[in-house]
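Quick note: to get this note's numbering, add 30 to the position in the sequence shown (first position is 1). Each residue gets a CB set at the ideal place from its N, CA and C atoms; glycine is no exception. What follows is a set of notes on a single structure, which appears directly below.
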Amino acid sequence: FTLLLGRPWLYVWDFIDLLVFLALVEAVLAQRSWRWFVGVWAVGILNHEIAVFVGAFLVVDPVARWALGRLGRAPRESFDHARALAGLGCVAASFAIVEGLRSALLVEEIGPKIFRDAPAGGQSVHFMLGHNVDQLVAVFTRFDYGMPFSIPLLLLGVVAIAVALARRDPSRFAGLALTFGAIIASLLTFGVLFETRIYVVLIPLCVAGAVLLPRPAPPTA
């Protein structure tokens, strides 16, 4: 990530995102209660809308645990309704908070004025998937000394870490893996492929993979 980072593209709120998602991953490893996740979400959503995925994790995790138990891939667990409802509340509140803060505080978007390729202002959401797909095709079909193909390789590496963690301990990490997969999908849909600062939220998962995957696999039940 450090090698791929563009120097103009790193802001103070990116470091807060890093801490928020590090707290998310730590809470998963420590198997903390849903109240801890709600606290992490409450801090993160005031900084950046991507914290909605902390709430989304609270929904995805109990669904994944319940489904894996029914499929025989993990110990059977009853569906955690409190966790899922807390997550749904966080997700719903996220949209209300983000739109409320944007309408109350946004005075002027300067991106379209100082960057030629910035999306036109006045929209809450910018769909960049088509543009990013074109960029992905270009980086693998045109030679460039900057080696931009290393950016999608980073994303593929993160997906591989998520899958490896989920395979090692499905009950604990399947929900986390699905959440980070959704984060990557959202970054490619609404972000700009070459704006590499948006990938700072993926660092904590890479740290977890570096710490856990070299260790011997835990004994199965």
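By the 10 Å Cβ neighbour count, where 16 or more other Cβ atoms means buried, how is ILE144 classified, buried or exposed? Reading the sequence shown from its first residue, position 114 is the one you call residue 144. Label assigned to ILE144: exposed.
Nearest to ASP110 (by Cα), restricted to the options PRO92, ALA168, PHE125, GLY102: Reading the sequence shown from its first residue, position 80 is the one you call residue 110. Answer by Cα proximity: PRO92.
State the DSSP-derived secondary structure class of GLU129, mapped to helix, strand or coil. As a first step, residue 129 must be located in the sequence shown, where it is residue number 99. Residue state, collapsed to three classes: helix.
Hey, out of TYR175, ALA238, VAL231, ALA247, whose CA is closest to PHE45's CA? Here residue 45 refers to the residue found at position 15 of the sequence shown. Of TYR175, ALA238, VAL231, ALA247, the residue nearest in Cα terms is VAL231.
DSSP state of ARG103 mapped onto helix, strand, coil: Position 73 of the sequence shown, counted from the first residue, corresponds to residue 103. ARG103: coil per DSSP, three-state reduction.
Need the endpoints of the alpha helix (DSSP H) that SER63 sits in, please. Mapped onto the sequence shown, residue 63 falls at position 33. Premise fails: SER63 is in no alpha helix (DSSP H) and is neither H nor E.
Where ALA134 and ALA126 are concerned, what is the direct C-alpha to C-alpha distance, given to the nearest angstrom? Numbered from its first residue, the sequence shown carries residue 134 at position 104. Numbered from its first residue, the sequence shown carries residue 126 at position 96. About 12 Å.
Just verifying my parser: in three-state terms, what is the DSSP assignment at ILE46? On the sequence shown, position 16 is the one that residue 46 refers to. Note: ILE46 maps to helix in three-state DSSP.
Taking all protein chains shown into account, do 16 or more other C-beta atoms lie within 10 angstroms of the C-beta of TYR229, making it buried, or fewer, making it exposed? Position 199 of the sequence shown, counting from 1, holds the residue named residue 229. Buried.
Same chain, Cβ closer than 6 Å to LEU159, neighbours up to 5 away in sequence not counted: Numbered from 1 along the sequence shown, position 129 holds the residue referred to as residue 159. Only THR219 meet the Cβ criterion.
Going along the chain, which residues of its own chain have a beta-carbon closer than 7 Å to the beta-carbon of VAL193, five neighbours each way excluded? Reading the sequence shown from its first residue, position 163 is the one you call residue 193. Take VAL193, set aside five residues on each side of it, and the residues of its chain with a beta-carbon closer than 7 Å to its own are ALA207, in chain order.
Note down the Cα distance separating PHE67 from ILE191, rounded to an integer number of angstroms. Within the sequence shown, the letter at position 37 stands for residue 67. Within the sequence shown, the letter at position 161 stands for residue 191. Straight-line Cα distance between these residues: approximately 22 Å.
Which complete beta strand (DSSP E) runs does the region 141-196 hold, if anything under 3 residues is left out? none
Given that a residue counts as buried once 16 or more other Cβ atoms are within 10 Å of its Cβ, and exposed if not, what is SER124? Taking the first residue of the sequence shown as 1, we reach residue 124 at position 94. SER124 comes out buried.
In this structure, how does DSSP classify VAL82 when only helix, strand and coil are distinguished? For the purposes of this step, residue 82 is taken as the residue at position 52 of the sequence shown. DSSP places VAL82 in helix when its eight states are reduced to three.
For the candidate residues ILE213, ALA53, SER201, whose alpha-carbon lies nearest to that of TRP96? The sequence position of residue 96 within the sequence shown is 66, counting from 1. Minimum Cα distance to TRP96 is reached at SER201.
For ILE140, is the classification buried or exposed, using 16 other Cβ atoms within 10 angstroms of its Cβ as the cut-off for buried? Within the sequence shown, the letter at position 110 stands for residue 140. With a 10 Å radius around the Cβ and a threshold of 16 neighbouring Cβ atoms, ILE140 comes out exposed.
So, are the CB atoms of ILE214 and LEU185 less than 8 Å apart? What you label residue 214 is simply residue 184 of the sequence shown in a count that begins at 1. What you label residue 185 is simply residue 155 of the sequence shown in a count that begins at 1. Yes.
Same chain, Cβ closer than 7 Å to ALA86, five either side skipped, listed in chain order: As a working note, residue 86 is residue 56 in the sequence shown. Closer than 7 Å at Cβ, skipping near neighbours: GLY117, VAL121, THR209, ALA212.
Are the beta-carbon atoms of TRP64 and LEU88 separated by less than 8 Å? Walking along the sequence shown from the start, residue 64 turns up at place 34. Walking along the sequence shown from the start, residue 88 turns up at place 58. Yes, the pair counts as a contact, with Cβ atoms nearer than the cut-off.
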